[in-house]
Amino acid sequence: MRELTRSEVRQQLDAGFPRLAPPRSVVVVGAGLAGLAAAHELHRAGCDVTVLEASERPGGRAFTLRAPFADGLRAEAGAMTVTPHCDYVTHYRKLLGVELDRSDLLDQDFSYFVNGRFVRADPASLAEAGLPLAEHERGMSVTDMIERYVTAVAEELGPDLAAPDWAPAAELEHLDRASVQEVLRGRGASQAAIDLMEPLFLEMRGGDLRSASALSWLRHESGHRSLLGEVDGWGKIAGGTDVLPQAFAGGLRDRIRYRSPVVRLEQDDDTVTVTYLDHGRLATVTADRVVVTVPFSAMRHVDVSHARLSEAKTDVMRRLRYSSIVRVYLQMRRQFWEGHNVSVSTDLPVRWVRDATASQPGPRRILEVLMTGWRSKAVAAMSEEERLNFVLGHVETMFPGAREHYELGLSVAWDHQPWIEGSYVLPERGHGKLMPAIRAPEGRIHFAGEHTSYEPNGGSMSYALESGVRAFVELAVA
Ligand SMILES: Cc1cc2nc3c(=O)[nH]c(=O)nc-3n(C[C@H](O)[C@H](O)[C@H](O)COP(=O)(O)OP(=O)(O)OC[C@H]3O[C@@H](n4cnc5c(N)ncnc54)[C@H](O)[C@@H]3O)c2cc1C
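Under the UniProt record's numbering, the first residue of the sequence shown carries the number 1, and numbering increases by one thereafter.
This is the structure in structure tokens:
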């Protein structure tokens, strides 16, 4: 069948899916937001849907940490921010009666900690810090740098870059072969300027600016997707991000089987057979179609040798890379540092430290540390005890008194998170060419999940939900 465009999927959703006829039975693999959206629509359309989820909870990367924190404090291990452009989050949030609160990121007090001291993003403070900026960067604020090296570059490429139905034009292809680092350096950015801007790019690529596709990045930084633009209206799911997947799961109750990892997919001309583990036994279920939402990083645990997948699909399943992220949470007896809602980007290996609980009541605070790229991989290789100790040591350098006020800690290394094994897709150079093969259905097997998004940087709840709806429309018209 012809590939559905993003606008076509949206029109179907807005119109309430007129004239769609889903098959009799569908198995959805994975109860993250993509799988839940697909299952929700299938169920509503009267299809016999079964969701097989490897873990014991819904939500996947929409994952709120509560235990072992005291006083009812919580922190987000994965998705946290909802922007006004997260259309699919807004749609389902309203449908399911889930509220939005104001994002803590709006009021944060952002600074850098470089060369052992706190520095602000304004020109005077940067000059005082003695950073090795290029001559022409002296007197610039970080906002000026972003304007020159990012916004101006994206604008020069024209309106197509930000168009809703994006298909990279041939004349932009060379940018898909270039890295973010190359484009920034090519425009005259010093390494010191890149280091200042990097925390404000999509979730900080760490060392990955050298392998990330410049085209994918510029697409993300153009228009409303950018984290650099208007932040008014940013929100977070009230009560914790996991409230959203739980609301979906509530409506699907007995359709979801937890602790049921799928280990094999087979298809013939008429059906798909899914083998999964059920309390230590092999079980099978046969359906007309299957929607696979498993991140490709975790698909290697699934045998697809009899699934009739194309070479392009198996190749891209092997090749797709994910950004590495470790998040560490340190519960502190009380706020012992100055200032409210601190958020600090640092040249120390811990990279980003913020108060994850600025808007939560009580004297205790959770300081969150977020690492990406090679540093994240290094820290992910440590034991939990080593990791906490490593992070605490660096936090002590920035905020003396950290060890004394520390009560307990917890970390999530997304590379090692069972059944996910990565944070979100890292669109490497050449990613644009892989996107159609990632998303394409293979016979009776359909693919959803953030990695199958219409956007190269799929790491968003909205794009995951959109992919679930796209898979639903795809199999209901097939
Ligand atoms: C650190 C981090 C920060 C983020 N920040 C934001 C943010 O601020 N805002 C935002 O909108 N988005 C954010 N995201 C992205 C967002 O969380 C994801 O894009 C989205 O949740 C992905 O949903 P999904 O359904 O595609 O995948 P997942 O949530 O990964 O769901 C896949 C599911 O499949 C299950 N599974 C895997 N293998 C099997 C198997 N063999 N059998 C059965 N089940 C299986 C997994 O257990 C999982 O539940 C962030 C993500 C991370 C990691």
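Think of the CB as a built atom: it goes at the ideal place given N, C-alpha and C, for glycine as much as any other residue. Bear in mind the structure is a predicted one, so any value in this text is a computation, not a measurement.
| said: How far does the beta strand (DSSP E) with His340 in it extend, from its first residue to its last? | reply: Working through the sequence shown from its first residue, we reach residue 340 at position 340. If you look at His340, you'll find it isn't in any beta strand (DSSP E); DSSP assigns it neither H nor E.
| request: Write down the C-beta distance between Leu465 and Val89 rounded to the nearest angstrom, noting that I regard them as a contact closer than 8 Å. | output: Taking the first residue of the sequence shown as position 1, residue 465 is located at position 465. Taking the first residue of the sequence shown as position 1, residue 89 is located at position 89. The distance from the Cβ of Leu465 to that of Val89 is about 7 Å, consistent with a contact at the 8 Å cut-off.
| request: Just the C-alpha distance for Arg210 and Arg253, rounded to the nearest angstrom, thanks. | output: Locating residue 210 in the sequence shown gives position 210, counting from the first residue. Locating residue 253 in the sequence shown gives position 253, counting from the first residue. Going from the Cα of Arg210 to the Cα of Arg253 covers about 44 Å.
| Using a threshold of 7 Å, is the CB atom of Trp234 nearer than that to any non-hydrogen atom of ligand 1? | Here residue 234 refers to the residue found at position 234 of the sequence shown. No, Cβ of Trp234 sits at least 7 Å from all heavy atoms of ligand 1.
| field | Residues that DSSP places opposite Thr250 in a beta bridge | value | As a working note, residue 250 is residue 250 in the sequence shown. It is worth fixing the name first, because residue 250 is Gly in this sequence and not Thr. DSSP lists no partner for Gly250.
| In or out: Trp374 buried (at least 16 other Cβ within 10 Å) or exposed? | Numbered from 1 along the sequence shown, position 374 holds the residue referred to as residue 374. Under this definition Trp374 is an exposed residue.
| query | Taking the alpha helix (DSSP H) that Glu404 falls in, what are its first and last residues? | reply | Working through the sequence shown from its first residue, we reach residue 404 at position 404. Counting along the chain, the alpha helix (DSSP H) containing Glu404 begins and ends at 402-405.
| request: Alpha carbon to alpha carbon, how far is Tyr258 from Arg439? Give it in angstroms, no decimals. | output: As a working mapping, residue 439 is identified with position 439 in the sequence shown. As a working mapping, residue 258 is identified with position 258 in the sequence shown. Going by the C-alpha atoms only, they are around 25 Å apart.
| C-alpha distance - Val344 paired with Glu396, whole-angstrom precision | Counting from 1 along the sequence shown, the entry for residue 344 is found at position 344. Counting from 1 along the sequence shown, the entry for residue 396 is found at position 396. The alpha-carbon atoms of Val344 and Glu396 are separated by roughly 13 Å.
| Span separating the alpha-carbon of Val353 from that of Asp269 | Start at 1 with the first residue of the sequence shown, and residue 353 comes out as number 353. Start at 1 with the first residue of the sequence shown, and residue 269 comes out as number 269. Cα-Cα distance, rounded: 53 Å.
| said: Taking DSSP's pairing of strands, which residues face Val262 in a bridge? | reply: Position 262 of the sequence shown, counted from the first residue, corresponds to residue 262. Residue pairing for Val262: DSSP places it in a beta bridge opposite Tyr276.
| request: Out of Thr286, Gly239, Gln181, Leu244, state which residue places its alpha-carbon closest to the alpha-carbon of Pro361. | output: Numbered from 1 along the sequence shown, position 361 holds the residue referred to as residue 361. Ranking Thr286, Gly239, Gln181, Leu244 by Cα distance to Pro361 puts Gly239 first.
| request: For Gln246, decide whether its Cβ has a neighbour in chain D, counting only Cβ atoms nearer than 8 Å. | output: Although the question refers to chain D, the structure presented lacks it and comprises just one protein chain.
| For Glu156, which of Ser179, Arg187, Pro132 has the nearest alpha-carbon? | Position 156 of the sequence shown, counted from the first residue, corresponds to residue 156. Out of Ser179, Arg187, Pro132, Arg187 has the C-alpha closest to the C-alpha of Glu156.
| DSSP three-state call for Trp374: helix, strand or coil? | Walking along the sequence shown from the start, residue 374 turns up at place 374. Helix, per DSSP.
| said: Taking the alpha helix (DSSP H) that Gly145 belongs to, which residues open and close that run? | reply: On the sequence shown, residue 145 is found 145 positions in, with the first residue counted as 1. A quick correction: the sequence has Met, not Gly, at residue 145. Met145 -> alpha helix (DSSP H) spans 142-146.
| What residue range is occupied by the uninterrupted alpha helix (DSSP H) comprising Asp318? | For this step, residue 318 is matched to residue 318 along the sequence shown. This sequence places Arg at residue 318; Asp is not what is there. Segment 311-319, the alpha helix (DSSP H) holding Arg318.
| query | Residues bridged to Asp270 by DSSP? | reply | Position 270 of the sequence shown, counted from the first residue, corresponds to residue 270. Asp270 is not bridged to any residue.
| request: Compute the distance between the beta-carbons of Ser7 and Asp165, then report whether it is under 8 Å. | output: Indexing the sequence shown from 1 puts residue 7 at position 7. Indexing the sequence shown from 1 puts residue 165 at position 165. Going by C-beta atoms, Ser7 is nearer than 8 Å to Asp165.
| message | Whether or not the stretch 161-181 and the stretch 324-332 are in contact is what I'm after, with contact meaning three or more pairs of Cβ atoms, one per stretch, closer than 8 Å; do they touch? | response | The answer is no - the stretch 161-181 does not touch the stretch 324-332, with fewer than three Cβ pairs under 8 Å.
| When DSSP labels each residue in this structure, what does Ser7 get in the three-state scheme? | The residue labelled residue 7 in the question sits at position 7 within the sequence shown. Three-state DSSP puts Ser7 in a helix.
| field | Continuous alpha helix (DSSP H) assignments of at least 4 residues falling wholly in the stretch 43-119 | value | 87-96
| So, is Gly449 buried or exposed, given that buried needs 16 or more other C-beta atoms within 10 angstroms? | Looking up residue 449 in the sequence shown gives position 449. Burial call: buried.
| task | Identify the continuous alpha helix (DSSP H) that holds Phe390 and give its terminal residues. | result | Taking the sequence shown and counting its residues from 1, one reaches residue 390 at position 390. Start and end: 384-398.
| query | With respect to the beta strand (DSSP E) encompassing Ala283, which residues constitute its N-terminal and C-terminal limits? | reply | Against the sequence shown, residue 283 aligns to sequence position 283. 281-287 is the extent of the beta strand (DSSP E) around Ala283.
| field | Collapsed DSSP secondary structure at Asp303 in the structure displayed | value | For the purposes of this step, residue 303 is identified with residue 303 of the sequence shown, where counting begins at 1. It is a strand residue.
| field | Separation of Phe69 from Ala75, as counted between CA atoms | value | Reading the sequence shown from its first residue, position 75 is the one you call residue 75. Reading the sequence shown from its first residue, position 69 is the one you call residue 69. Their Cα atoms are separated by approximately 9 Å.
| message | Starting from residue 567, trace the beta strand (DSSP E) in both directions and tell me its first and last residue. | response | With the chain running from 1 to 478 in the structure shown, residue 567 is simply not present.
| task | Could you have a look at Asp165 and say whether DSSP puts it in helix, strand or coil? | result | Position 165 of the sequence shown, counting from 1, holds the residue named residue 165. Here Asp165 sits in coil by DSSP.
| Within 7 Å: the Cβ of Met80 and any heavy atom of ligand 1? | The count along the sequence shown starts at 1 and reaches residue 80 at position 80. Yes, Cβ of Met80 sits closer than 7 Å to a heavy atom of ligand 1.
| Strand pairing of Val369, partner residues [DSSP] | Position 369 of the sequence shown, counted from the start, is the residue given in the question as residue 369. DSSP output for Val369 lists Val328, Val353 as bridge partner(s).
| request: May I ask which residues mark the beginning and end of the beta strand (DSSP E) holding His446? | output: Numbered from its first residue, the sequence shown carries residue 446 at position 446. Its beta strand (DSSP E) spans residues 445-447.
| request: Take Met197 as the anchor and find which of Asp144, Val350, Phe336, Leu96 has the nearest alpha-carbon. | output: One-based indexing of the sequence shown puts residue 197 at position 197. Residue Asp144 is the option with its Cα nearest to Met197.
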